[in-house]
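Since the structure comes first, as structure tokens, the remarks are kept for the end.
Protein chains in written order, with my numbering: chain A, 111 to 343; chain B, 107 to 335.
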């Protein structure tokens with residue numbers, strides 16, 4: 111309850127600051143954002159789009175972590191935690207893809223042009239999709255848990271290859287205001303502060319959604335167990 | 107492991123491979139059904155091209171479309187057939203998990219190499235405008251591509267053999283795993299048809315080899331969890 115209230119207030123402040131603070135060519139005041147050449151007002155998307163993409167990856171990594179833990183200990187709770195993380199990851203992955211496509215429409219002139227970043231997030235979407243297709247195709251609970259855990263691990267070990275494959279095929283147009291090739295940070299203090307607060311807020315939001323999901327799945331499992339375990343096989 | 111253990115393990119890998127090899131020779135599934143599959147797919151490409159000729163890089167990509175879907179209809183057999191015939195349990199008792207995995211991998215490797223050789227020969231013979239200027243790049247690409255395809259396809263086949271909708275699920279699960287491999291081999295095939303020097307494809311080959319090593323190692327590690335009930 112306390113976490114939910116805190117998150118609501120925190121994210122509201124982040125949204126208001128991110129949208130309302132002025133963007134000027136020469137930042138004078140502490141609250142001024144700089145104008146990033148080529149991005150201008152469209153740069154505000156980074157407060158919302160980057161955290162969703164970050165969560166899509168974070169959720170995948172935590173699903174992977176609990177998948178490995180499930181295979182080691184074979185505890186049903188780990189499978190619940192893993193699949194809950196994947197479910198929320200899928201949601202944020204969709205959000206990152208959609209917000210990215212809308213931004214691309216106004217910056218690049220087209221919703222989709224197979225930029226390496228778009229290709230990578232598309233592959234992540236495919237992996238999430240395949241993961242849930244696999245889960246829905248296995249009825250036995252233990253079998254479902256271990257098969258989807260194995261699949262998550264396989265996807266996890268092949269994902270890093272994209273980092274090497276992608277640059278060989280196409281140069282990216284995706285802006286990198288945080289860590290670019292010249293090692294320069296285009297953001298000023300105010301922008302960085304709002305961005306990091308947004309990142310923290312979104313991570314908190316993820317944690318809240320995830321623990322809610324885990325709790326409800328646990329209750330559901332108890333409920334089915336109490337009814338005589340019909341759904342266990 | 108002692109030397110005897112390794113020998114015994116290698117022998118049971120060989121036995122699993124031979125078992126699949128013999129049952130393949132009996133049913134001739136791969137030779138007849140998969141051969142027809144490849145012919146049908148190439149025929150569709152020929153019909154849709156008509157008298158037009160597509161640029162070489164498009165044709166290089168299309169070759170891998172044929173190879174991918176042929177692999178998706180052929181390589182799942184290794185484990186699905188055990189489930190269909192109800193022999194999975196017996197095989198679990200007869201051999202160690204790792205021996206089963208490497209035996210099946212070996213069989214899929216042979217199958218995918220043979221299938222891809224046939225596909226490439228047919229494709230080169232019938233598709234106009236498909237040229238290979240650097241044969242060495244092309245041969246190495248097909249060989250490494252077949253090994254990588256078999257490597258990733260074997261563990262996915264073991265997974266889907268335990269699921270309900272096997273046939274549909276196989277390409278769905280395989281595609282994201284195989285995509286780094288596919289993008290790399292398509293790129294290397296394009297280099298081969300453009301007539302690049304062998305050394306120019308060095309980066310692609312390094313990627314393919316490391317992909318194969320990583321995928322096979324990971325599959326062998328997690329196979330027990332899929333195979334054992």
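Glycine residues also receive a C-beta, built at the ideal position from the N, C-alpha and C atoms.
I'd like to know if residue 148/B contacts chain A, where contact means its C-beta is closer than 8 Å to some C-beta of that chain. Not an interface residue.
Query raised in the report: Is the CB of residue 253/A under 8 Å away from at least one CB in chain B?
Result: Chain B, which has a Cβ nearer than 8 Å to the Cβ of residue 253/A, makes this yes.
Worksheet item: Apart from the five residues just before and just after residue 165/B, which ones in its own chain have a Cβ nearer than 8 Å to its Cβ?
Response: 233, 235, 236, 299
Open item on the list: Alpha carbons only, please: which of 185/A, 129/A, 146/A is nearest the one belonging to residue 135/A?
Closed with: It is 146/A.
Note to self: Using 8 Å as the threshold, is the C-beta distance between residue 388/A and residue 198/A below it?
What the structure shows: This structure leaves residue 388/A out entirely; chain A is present only between 111 and 343.
| field | Within-8 Å CB hit, residue 271/B to chain A | value | yes
Please classify residue 126/B as buried or exposed, where buried requires at least 16 neighbouring CB atoms within 10 angstroms.
Of the other Cβ atoms in all chains shown, 16 or more fall within 10 Å of the Cβ of residue 126/B; this residue is therefore buried.
Can you name the residues that DSSP bridges to residue 303/B? According to DSSP, residue 303/B bridges with nothing at all.
Legend entry - Between the CA atoms of residue 280/B and residue 227/B - distance to the nearest angstrom: Near 25 Å, if we compare the C-alpha coordinates of residue 280/B and residue 227/B.
- Reference residue 332/A, options 125/A, 186/A, 298/A, closest by Cα: The residue with the shortest Cα to Cα distance from residue 332/A is 186/A.
Q: Indicate whether the contact test is met: 3 or more Cβ pairs, each with one atom in the segment 305-314 of chain B and one in the segment 235-251 of chain B, closer than 8 Å.
A: yes
Q: Out of 184/B, 221/B, 275/B, state which residue places its alpha-carbon closest to the alpha-carbon of residue 128/B.
A: 184/B
Do residue 300/A and residue 140/A come within 8 Å of each other at the CB atom, strictly closer than that value?
yes
Neighbour flag for residue 181/A against chain B, beta carbons, 8 Å: At least one chain B Cβ lies under 8 Å of residue 181/A.
Check your understanding: Helix, strand or coil: which one does DSSP assign to residue 248/A?
Key -> coil
Review point. For the ligand SAM, any of its heavy atoms closer than 7 Å to the Cβ of residue 155/A?
Key: No copy of the ligand SAM appears in this structure; indeed no ligand is present at all.
Residue range of the unbroken alpha helix (DSSP H) whose run includes residue 202/B: Segment: none, residue 202/B is in no alpha helix (DSSP H) and carries neither H nor E.
* So, do the segment 160-170 of chain A and the segment 312-329 of chain A have three or more beta carbon pairs nearer to each other than 8 Å? -> yes
message = Just verifying my parser: in three-state terms, what is the DSSP assignment at residue 233/B?
response = coil
Could you give the distance in angstroms between the alpha-carbon of residue 283/A and the alpha-carbon of residue 150/A?
16 Å
message = Short of 7 Å in beta carbon distance, which residues of its chain neighbour residue 230/A, apart from the five on each side in sequence? Order them along the chain.
response = 272, 276
| message | Cβ closer than 7 Å: which chain A residues qualify as neighbours of residue 286/B? | response | 268, 271, 272, 275
Discussion item. Would residue 206/B pass as an interface residue toward chain A - the criterion being a Cβ-Cβ separation below 8 Å?
Written reply: no
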